[in-house]
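Chains as they are written, first to last, in our numbering: chain A, 1 to 197; chain B, 1 to 164. Glycine included, C-beta positions come from ideal geometry on N, C-alpha and C. Scroll down for the structure; my scribbles are underneath it.
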Amino acid sequence: MNIDDLKNVWNEDVLEETPEISIEHKNKINLPLEKMRKNMRMEFWSTVGIFIFGFTIVWLCGAPFKFKFYITILLASMGFVTFFFFSKFFKLYKEMSNPGLKTYDSLKDLLHQLNLNKQYYLSFYLSFVPFLVCELIIVIEGIPRTVPLSDLQIAVTLITSVVVGLFALYLVGNLWFKQFYGKYITQIENLLNELNK
Amino acid sequence: MISLEQEFLDKIEKHKGIIFKISKMYMDEKDDRDDLFQEITYQVWKAYPGFKGQSEFSTWLYRVALNTAIVFLKSEKKRSFIGNEDFSNYKIVQDEYDDEKEEKLSRMYNAIHQLNPIDKAFIFYYLEDFSGKEISEQMGISEGNVRVKMNRAKNKLKDILSSK
Numbered sequence: 001m002n003i004d005d006l007k008n009v010w011n012e013d014v015l016e017e018t019p020e021i022s023i024e025h026k027n028k029i030n031l032p033l034e035k036m037r038k039n040m041r042m043e044f045w046s047t048v049g050i051f052i053f054g055f056t057i058v059w060l061c062g063a064p065f066k067f068k069f070y071i072t073i074l075l076a077s078m079g080f081v082t083f084f085f086f087s088k089f090f091k092l093y094k095e096m097s098n099p100g101l102k103t104y105d106s107l108k109d110l111l112h113q114l115n116l117n118k119q120y121y122l123s124f125y126l127s128f129v130p131f132l133v134c135e136l137i138i139v140i141e142g143i144p145r146t147v148p149l150s151d152l153q154i155a156v157t158l159i160t161s162v163v164v165g166l167f168a169l170y171l172v173g174n175l176w177f178k179q180f181y182g183k184y185i186t187q188i189e190n191l192l193n194e195l196n197k
Numbered sequence: 001m002i003s004l005e006q007e008f009l010d011k012i013e014k015h016k017g018i019i020f021k022i023s024k025m026y027m028d029e030k031d032d033r034d035d036l037f038q039e040i041t042y043q044v045w046k047a048y049p050g051f052k053g054q055s056e057f058s059t060w061l062y063r064v065a066l067n068t069a070i071v072f073l074k075s076e077k078k079r080s081f082i083g084n085e086d087f088s089n090y091k092i093v094q095d096e097y098d099d100e101k102e103e104k105l106s107r108m109y110n111a112i113h114q115l116n117p118i119d120k121a122f123i124f125y126y127l128e129d130f131s132g133k134e135i136s137e138q139m140g141i142s143e144g145n146v147r148v149k150m151n152r153a154k155n156k157l158k159d160i161l162s163s164k
């Protein structure tokens, strides 16, 4: 069979039996966007779980009231920021994807939206840095000690914790993003490159 | 008065054969093919209010169908090993090969499955007799680029077919 015969073979393929048409979504997840949406939902609920765990630990530990109160306020603020970002993520995912556009434009639009989402995600991660620093300060200052820490000890503890914390946040954030979101962005990029080549 | 849903269903009914052919081009497993068929129908329905009638419905439908198929991901579920395999499938496959026409179809689809998603789209337009200008409008690239990519996709397919 050569390439010229293909048109005849194609035209001979008259299908008598096709699956039944349904315009309801069957909750099958086969599009990159849906995979990302599902991952984001999973991430949202995990974050809610972490917050509940955090509040519980703070109020069950035997620390002074002032310490508990400061940490609770901080956690509540983190919760507010998290809620804000996730509402943006979900809104973005809802509006994303326009398969009615020309193929190149449709892929380009999808990639643009995904990259926009990536920037949101980066901002979300970075927004935790001030909270991390505040928590450290509260822990250092709020917990009573028999022998108070010297200025040098405070500086070393704070700087080391911030540097290690930031590094861990960067590593985990990067790996997490690549695993749950980045690979789908790469797929779309590859398709666009294939069209541009 | 005919509802939007009914109007859509009437239109899509006439083209369900071609949607399934696109699904066959893009997916080699039956379950994935059926999933893609449903996904395309769903995406076309979602995009339908945006169809302004500036082109033929079929032309617009092909574009939405291919845009969906290009990014469609295969099911991640593990294919069962022989112990749990549904043997009735083998019977169907055997029956298909009884007929020369079916064998040709099988060879064609097997060859197309080895192309990348973008090349498959070009081959689809070639098989459906779209002109370079029409393909250019559908894909959103220049006619010159269409010619280059079409030749490349056809050559790849030719190589696959001749190597068998």
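The beta-carbon of B:G17 is placed less than 9 Å from the nearest beta-carbon of chain A.
Residues of the segment 142-158 of chain B with a C-beta less than 7 Å from any C-beta of chain A: K154, L157, K158, listed in chain order.
B:L61 places its beta carbon 9 Å or farther from that of B:I118. By the criterion of a C-beta distance shorter than 8 Å, B:A111 is surrounded in its chain by L157, I160, L161, K164, once the five residues flanking it on both sides are discounted. DSSP, reduced to helix, strand and coil, places A:T146 outside both helices and strands of the structure shown, so it counts as coil.
Between the C-alpha atoms of A:A155 and A:I143 there is a straight-line separation of about 16 Å. Against chain B, the beta carbon of A:K7 has neighbours under 7 Å at L127, listed in chain order. Using a 10 angstroms sphere on the CB of A:S87, the tally of other CB atoms stays under 16, which defines it as exposed. With fewer than 16 other Cβ atoms from the protein chains shown falling within 10 Å of its own Cβ, A:S46 counts as exposed.
In terms of Cβ geometry, A:Y93 and A:M40 form a close pair [threshold 9 Å]. CA-to-CA, the gap between A:K7 and B:E128 works out to about 8 Å. Under the DSSP assignment, B:G17 falls in the alpha helix (DSSP H) whose first and last residues are 4-26. When the Cα atoms are used, A:Y125 and B:E39 turn out to be separated by approximately 34 Å. Using a CB distance below 9 Å, the part of the segment 52-75 of chain B facing chain A consists of W60, R63, V64, A65, L66, N67, T68, I70, V71, F72, L73, K74, S75, ordered along the chain. Interface residue (Cβ-Cβ distance to chain A less than 9 Å): B:S162 is classified as such.
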